[in-house]
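One structure is given here, and the rest of the page talks about it.
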Amino acid sequence: DAVVFVKGRLDKREDVPRLVAMEMMVPDLSNAGIDAPVILSILENRVTPPLVTRLGEILSHHRGNSEVRIKVQGRQKTTVLRLDRHRVTPSPALFGDLKALLGSSCLV
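So that you can map any letter, position 5 of the sequence shown is -10 in this note's numbering, and since no number is skipped, the others follow by simple counting.
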């Protein structure tokens, strides 16, 4: 579960092609996307007071500088909300909490 850059060559001498790695580097992603907005997608029929309360708790727990937007998808239209009161720090912990609450496909 890591992002890596691999430099290599394709070996097609045998029946099944193989990728032969010659160099591998782990990029520094510590600052990648720090201020990019976190965009969530939620089906309109799932938006309930308990879910909204729990979502607010999760976002408050991960305070930071990134804006949060929510795409509420209804049958006929999609509404995008920008949460001015909640800014977060994108992190694996935040994304895990959001996926546990909203489902694995909630992040856009």
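Cβ atoms here follow ideal geometry from the backbone N, Cα and C, with glycine treated the same way.
None of these values were measured; they are calculated from a predicted model.
**Request:** Please go through the same chain and pick out, in chain order, the residues whose beta-carbon is closer than 6 Å to the beta-carbon of R(-6), but skip the five residues on each side of it.
**Result:** To locate residue -6, count along the sequence shown from 1; it is residue 9. Taken in chain order, the residues that qualify are V5.
**Request:** Tell me, to the nearest whole angstrom, how far the beta carbon of L86 is from that of I43; I am working on the premise that it is less than 8 Å.
**Result:** Within the sequence shown, numbered from 1, the residue matching residue 86 stands at position 101. Within the sequence shown, numbered from 1, the residue matching residue 43 stands at position 58. The beta-carbon separation of L86 and I43, rounded to 6 Å, stays under the 8 Å limit for a contact.
**Request:** Keeping to the same chain, check which residues put their C-beta closer than 8 Å to that of G41; ignore five residues upstream and five downstream.
**Result:** Translated into positions along the sequence shown, residue 41 becomes position 56. Only H71 meet the Cβ criterion.
**Message:** What would DSSP say about G59, mapped onto helix, strand or coil?
**Reply:** Position 74 of the sequence shown, counted from the start, is the residue given in the question as residue 59. Three-state DSSP puts G59 in coil, outside helix and strand.
**Asked** Secondary structure at V32, three-state DSSP: helix, strand or coil?
**Response** The residue you call residue 32 lines up with position 47 of the sequence shown. Residue state for V32 is assigned as coil, using DSSP reduced to three classes.
**Asked** Given V(-9), which residues of its chain have a CB within under 6 Å of its CB, disregarding the five upstream and five downstream residues?
**Response** Here the question's residue -9 lines up with position 6 in the sequence shown. Residues of the same chain with a CB within less than 6 Å of the CB of V(-9), apart from the 5 flanking positions on each side, are A6, M9 in chain order.
**Asked** Exposed or buried, S51, counting other C-beta atoms within 10 Å across all chains shown (16 or more means buried)?
**Response** Within the sequence shown, residue 51 is the residue found at index 66, counting from 1. Buried is the label assigned to S51, since at least 16 other Cβ atoms lie within 10 Å of its Cβ.
**Message:** Please list the terminal residues of the continuous alpha helix (DSSP H) segment that includes A85.
**Reply:** Taking the first residue of the sequence shown as 1, we reach residue 85 at position 100. Following the DSSP letters along the chain, one finds A85 inside the alpha helix (DSSP H) bounded by residues 77 to 87.
**Asked** What is the rounded straight-line gap between the Cα of D(-4) and the Cα of V11?
**Response** On the sequence shown, position 11 is the one that residue -4 refers to. On the sequence shown, position 26 is the one that residue 11 refers to. As the crow flies, the alpha-carbon of D(-4) is around 23 Å from that of V11.
**Prompt:** To the nearest angstrom, how far is it from the Cα of A(-13) to the Cα of R(-2)?
**Reply:** For the purposes of this step, residue -13 is taken as residue 2 along the sequence shown, with counting starting at 1. For the purposes of this step, residue -2 is taken as residue 13 along the sequence shown, with counting starting at 1. For A(-13) and R(-2), the distance between alpha carbons rounds to 30 Å.
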